[in-house]
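Trainee:
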Amino acid sequence: MGFSYRLEITPNRSNCLFNFYLDRVKIGHIIFHITYHEISIGWVTIIGEYRKGYGSKMMELFEKYVTKFQTSVTKIVLIPKGFDGNDKNYLCTFYEKNGYKQEQLGQPFYIRDIIRTK
737 MGFSYRLEIT
747 PNRSNCLFNF
757 YLDRVKIGHI
767 IFHITYHEIS
777 IGWVTIIGEY
787 RKGYGSKMME
797 LFEKYVTKFQ
807 TSVTKIVLIP
817 KGFDGNDKNY
827 LCTFYEKNGY
837 KQEQLGQPFY
847 IRDIIRTK
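Everything in the sequence shown is counted per the working numbering, starting at 737 for the first residue and increasing by one.
(1) Ends of the alpha helix (DSSP H) at V802?
(2) Is L797 close to chain B, meaning its C-beta is less than 8 Å from at least one C-beta of that chain?
(3) In terms of alpha-carbon separation, which member of H773, P747 and F756 lies closest to D849?
(4) Per DSSP, which one or two residues make a beta bridge with V813?
(5) Identify the continuous beta strand (DSSP E) that holds F739 and give its terminal residues.
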């Protein structure tokens, strides 16, 4: 199985799209916004039958892209849909499984610092 991605980055770096492919078939995407030091993810989608296991692979590939090509970015911020900061849902579980941390109880977002090795 071959994983790949294709990016669509808008000139103002908002509403960018990270399309995720398995053997040239699109199975998911991430919608994100880039500021100088931060990427904010607004939406993560894996299509139907690809939900088990491929979401983590897509996040891993996205993080590799960020680490390699978005050199000014120091963190990724995620805001799980329907999360008020206290009552966790399935998206919170997914983000935690992939190494994202809730910065503070009561805050409705997750953060992952980008670590680059020299």
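All residues carry an ideal CB built from backbone N, CA and C; glycine is no exception.
Mentor: Quick answer:
(1) R787 to F805 is the span of the alpha helix (DSSP H), which, as asked, contains V802.
(2) Absent from the structure is chain B; it holds one protein chain and no more.
(3) Closest option to D849, Cα to Cα, is H773.
(4) Bridge pairing for V813: S776 and I847 [DSSP].
(5) Note, F739: beta strand (DSSP E), F739 to E744.
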